[in-house]
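Here's the structure, in structure tokens; my notes come after.
4 protein chains.
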Amino acid sequence: MQFASPDALDRARRVKLMLFDVDGVLTDGNLWYSPSGEEIKAFHSLDGLGLQLLSKSGVHVGLLSGRASPAVAIRGAQLGVQHVVQGSQDKRQSYERLLKKLKLDRDETGFMGDDLVDVPVLLRCGFACTTHEAPEDVRKRAHHVAATPSGSGAAREVCEYIMRAQGTLRHVIAWYLR
Amino acid sequence: MQFASPDALDRARRVKLMLFDVDGVLTDGNLWYSPSGEEIKAFHSLDGLGLQLLSKSGVHVGLLSGRASPAVAIRGAQLGVQHVVQGSQDKRQSYERLLKKLKLDRDETGFMGDDLVDVPVLLRCGFACTTHEAPEDVRKRAHHVAATPSGSGAAREVCEYIMRAQGTLRHVIAWYLR
Amino acid sequence: MQFASPDALDRARRVKLMLFDVDGVLTDGNLWYSPSGEEIKAFHSLDGLGLQLLSKSGVHVGLLSGRASPAVAIRGAQLGVQHVVQGSQDKRQSYERLLKKLKLDRDETGFMGDDLVDVPVLLRCGFACTTHEAPEDVRKRAHHVAATPSGSGAAREVCEYIMRAQGTLRHVIAWYLR
Amino acid sequence: MQFASPDALDRARRVKLMLFDVDGVLTDGNLWYSPSGEEIKAFHSLDGLGLQLLSKSGVHVGLLSGRASPAVAIRGAQLGVQHVVQGSQDKRQSYERLLKKLKLDRDETGFMGDDLVDVPVLLRCGFACTTHEAPEDVRKRAHHVAATPSGSGAAREVCEYIMRAQGTLRHVIAWYLR
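Residue numbers (this note's numbering), protein chains in the order written: chain A, 182 to 359; chain B, 182 to 359; chain C, 182 to 359; chain D, 182 to 359.
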């Protein structure tokens with residue numbers, strides 16, 4: 182079941198930049214290794230449209246990953262994601278740098294992450310999201326825990342939640358419902 | 182659980198052309214990315230035979246995908262799918278064009294899609310099908326929602342539903358039951 | 182839940198050759214397509230040991246697949262499978278030919294298949310097995326329906342069932358339990 | 182549900198070397214085969230951090246696999262795993278050799294394995310762990326059976342269990358919770 186803290190809607194309403202971790206958030210956490218050391222990742226079509234709609238609604242979208250993988254750059258570019266930070270050894274630092282660059286306050290930012298390395302950013306951003314597969318130490322620090330499985334629409338659920346909070350969802354999807 | 186609107190059987194009975202979206206319908210929505218940017222897709226053997234049987238029963242079968250991927254062309258050819266439309270920026274337009282070409286009325290067509298980009302066609306075709314993993318905005322516009330998971334037989338379920346409605350299923354599979 | 186017909190144990194006891202379909206039985210039915218048309222399959226380690234143990238117990242093991250894929254030949258060779266028949270257009274014919282070659286009666290053979298193309302052999306062999314994901318038209322013709330998901334141990338379950346029926350399981354696994 | 186024998190915490194407390202089987206423990210047991218015979222494996226990000234944290238807590242971490250695969254060497258190196266034994270024909274022998282080399286007693290070692298080939302080591306090590314997908318003959322010989330699915334955090338669960346038993350978990354993850 183989806184969990185949302187009492188102030189989750191208020192927090193989602195203020196988001197101008199939404200960042201997503203990659204492994205375990207935009208994927209189900211699986212890392213495929215070929216014998217030549219290639220790393221293959223699986224992204225989900227529902228999440229892809231979610232990120233595109235959120236961006237179309239006026240929210241900046243970014244990826245913030247501890248690992249570095251060409252697949253992430255390719256997927257990010259296909260979806261028109263504005264900010265792609267990879268190979269981040271210290272996500273807190275990467276996050277603070279991005280905030281400064283974009284001249285945003287912390288409470289104007291959201292982040293969805295699924296493991297301990299994401300907690301420093303979850304503790305600082307305005308709207309902290311995670312997956313229901315995340316460890317308890319992560320889940321109990323989030324304002325929103327997605328009900329949809331990670332890598333199968335968990336990020337889409339968060340995108341729609343933000344657009345619903347900001348009152349932009351109906352407008353953004355109206356084109357499709359004609 | 183399978184959901185079917187009260188008139189779903191009637192609608193399925195009239196179908197002469199059945200179109201399927203690819204990602205999230207013939208697959209579970211996952212898009213595998215290799216480091217070199219190759220996109221790998223997983224299709225299901227149950228769906229494959231479903232499309233072949235439906236075609237054998239006399240219904241035209243087609244794929245209508247927003248993305249473009251060599252894997253789809255290969256899979257379509259292997260299954261003897263008559264119509265493969267890929268990279269469709271506007272599925273409604275692609276759908277109308279195909280109708281004109283085949284001289285079919287809207288209510289002689291069915292479509293199975295799983296996301297907002299599919300709704301314009303779902304709203305126009307005679308028999309609108311989707312998956313139970315689809316967003317609510319899609320599901321509530323469908324005449325039939327498959328109970329079988331997408332990418333694991335959801336399309337097969339729809340194929341058998343149509344053949345049962347048209348009274349062709351027993352005949353088509355009789356060969357196998359000798 | 183595992184289903185077994187009242188005479189399933191008796192039937193399993195007589196098996197001297199056990200054949201397995203590949204897609205949907207030794208795999209979960211997914212066929213991965215790379216852009217270059219390569220077909221990738223996923224086999225399961227539990228099934229692998231199952232086939233090896235069954236073979237060690239004295240039962241001949243074979244693969245009988247309608248598709249043709251280098252991956253199947255490789256996997257079969259790794260597991261020491263004695264009979265690998267691929268690209269079979271008519272499984273009944275392939276089955277009858279193998280029987281003649283091995284001088285076996287039908288009731289000395291078992292087969293595990295998951296779709297309509299497998300039914301002709303399921304109807305003829307002594308011990309007919311399938312998966313719980315198989316269509317009802319297949320399931321109702323089987324003596325044994327595996328409870329374990331296909332591609333995650335369904336074939337292992339059948340291998341152990343046969344060895345238990347034949348009283349060889351304890352002996353075959355004794356080496357591991359020292 | 183997680184199962185732990187009454188003495189599991191005591192046993193976990195003494196572990197100085199924790200070994201993990203690969204297929205079915207660090208993966209869900211699936212082995213992807215490409216047509217050229219390449220073998221692809223999927224590891225999980227949650228397990229990856231688990232092994233790193235356990236190592237950071239002072240416990241030696243190792244992989245003990247019956248198969249040989251370049252992907253395992255790559256993944257092991259990425260995670261800084263100290264001991265990687267592959268292609269082990271006899272896991273008991275490989276285990277005894279490692280013990281001698283590291284001058285450790287059996288009850289200072291733990292092992293997580295999921296199939297019959299792992300039982301000889303499970304019967305000898307101090308802390309025997311397995312997955313809930315493992316066959317009953319394996320599960321009933323383990324002190325700890327993970328509740329999290331194999332290849333999706335089962336190994337992480339065991340890593341946290343050991344660190345909790347040894348009182349090191351809070352300290353190791355404190356850095357992330359600032």
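Glycine included, each C-beta is placed from N, C-alpha and C at the ideal position.
Small disclaimer: the values here were computed from a predicted structure and weren't measured.
Chain D contact residues for E219/C, given Cβ-Cβ distances below 7 Å = S215 and P216
Segment contact, 8 Å Cβ cut-off, at least three pairs: the segment 195 to 215 of chain B with the segment 335 to 345 of chain B | yes
For H225/D, three-class secondary structure by DSSP = DSSP places H225/D within a strand segment (E or B) once states are collapsed to three.
Helix, strand or coil: which one does DSSP assign to L297/C?
-> helix
Distance CB(L303/C)-CB(L245/C) smaller than 9 Å = no
Under 9 Å by beta carbon: chain A residues contacting L285/B = Neighbours of L285/B on chain A: none; closest Cβ ~22 Å, over 9 Å.
Among R248/D, A323/D, G210/D and P330/D, which residue has its Cα nearest to the Cα of Y185/D?
-> In the sequence as displayed, the identity of residue 185/D is Ala instead of Tyr. Considering only alpha carbons, the answer is A323/D.
Verify whether the separation of the beta carbon atoms of E220/D and P216/A is less than 9 Å.
-> In this structure, P216/A lies closer than 9 Å to E220/D by Cβ.
Please look up how many angstroms separate the CB atoms of A336/D and V206/D, rounded, as I've assumed it's under 8 Å.
-> 6 Å
State buried or exposed for G247/D, treating a residue as buried only when at least 16 other CB atoms are found within 10 Å of its CB.
-> Buried: at least 16 other Cβ atoms inside 10 Å.
With distances taken Cα to Cα, identify the nearest neighbour of G239/D among R273/D, A309/D and Q263/D.
-> Q263/D
Just mark R192/C as buried or exposed, buried being the case when its beta carbon has 16 or more other beta carbons within 10 Å.
-> buried
Below 9 Å between beta carbons: does that hold for V339/D and G231/D?
-> yes
Go ahead and label E314/B buried or exposed: buried means 16 or more other beta carbons lie within 10 angstroms of its beta carbon, across all protein chains shown.
-> buried
Which whole-angstrom value describes the C-beta separation of V319/A and L285/A, a residue pair presumed to lie in contact below a C-beta threshold of 8 Å?
-> Wrong, their Cβ atoms sit about 23 Å apart, outside the cutoff.
Chain C contact for S201/B (CB, 9 Å cutoff) = A small correction: the amino acid at residue 201/B is Phe; Ser does not occupy that position in the sequence shown. So, not an interface residue.
Just curious, the beta strand (DSSP E) that H264/D is in, first and last residue?
-> H264 to V266
Consider the Cβ of R337/B: report whether some Cβ of chain C lies at a distance smaller than 9 Å.
-> yes
What does L190/C touch in chain B if you count any residue whose Cβ is under 8 Å from its own?
-> Those within 8 Å of L190/C in chain B number zero; the least Cβ separation is about 26 Å.
Just grab the DSSP bridge partners of M199/A for me.
-> V242/A and G291/A
Closest Cβ-Cβ distance between G229/A and chain B: below 9 Å?
-> yes
Along the alpha helix (DSSP H) that carries V319/B, what are the first and last residues, could you check?
-> E317 to R320 is the span of the alpha helix (DSSP H), which, as asked, contains V319/B.
Check each residue of the segment 261 to 291 of chain D: if its Cβ is closer than 7 Å to any Cβ of chain C, include it; give the result in chain order.
-> Residues: none.
Give the DSSP-derived three-state secondary structure of L212/C in the structure shown.
-> strand
Would you verify that the beta carbon of Y357/A is, or is not, closer than 9 Å to some beta carbon of chain B?
-> yes
Going by Cα to Cα distance, which pick from H241/C, P330/C, T329/C and T311/C is closest to K321/C?
-> T311/C
Tell me whether C340/D sits in a helix, a strand or coil according to DSSP, three-state version.
-> helix
Between which two residues does the alpha helix (DSSP H) carrying A309/B extend?
-> Note, A309/B: premise wrong, no alpha helix (DSSP H); beta strand (DSSP E) at F308 to T312.
Name the two residues that bound the continuous alpha helix (DSSP H) containing A252/A.
-> P251 to L260
Closer than 8 Å at the beta carbon, the chain D residues around V298/A | L230 and Y357
On a CA-only basis, which of H225/A, D295/A and V300/A is nearest R273/A? Give me that one, please.
-> Ranking the options by Cα distance to R273/A, first place goes to V300/A.
Between the beta-carbon of S275/A and the beta-carbon of L260/A, is there less than 9 Å?
-> Going by C-beta atoms, S275/A is not nearer than 9 Å to L260/A.
Chain-ordered residues of the segment 300 to 318 of chain D with a beta carbon less than 9 Å from chain C | V300, P301, L304, E314, A315, P316 and D318
Whose Cβ in chain A lies nearer than 8 Å to the Cβ of A223/D?
-> Under the 8 Å cutoff, chain A gives N211, L212, W213 and Y214.
Residue range of the unbroken alpha helix (DSSP H) whose run includes V144/D | Given a span of 182 to 359 for chain D in the structure shown, any question on residue 144/D remains unanswerable.
Would you kindly work out how many angstroms separate the C-alpha atoms of R287/B and L227/C, rounded to a whole number?
-> 49 Å
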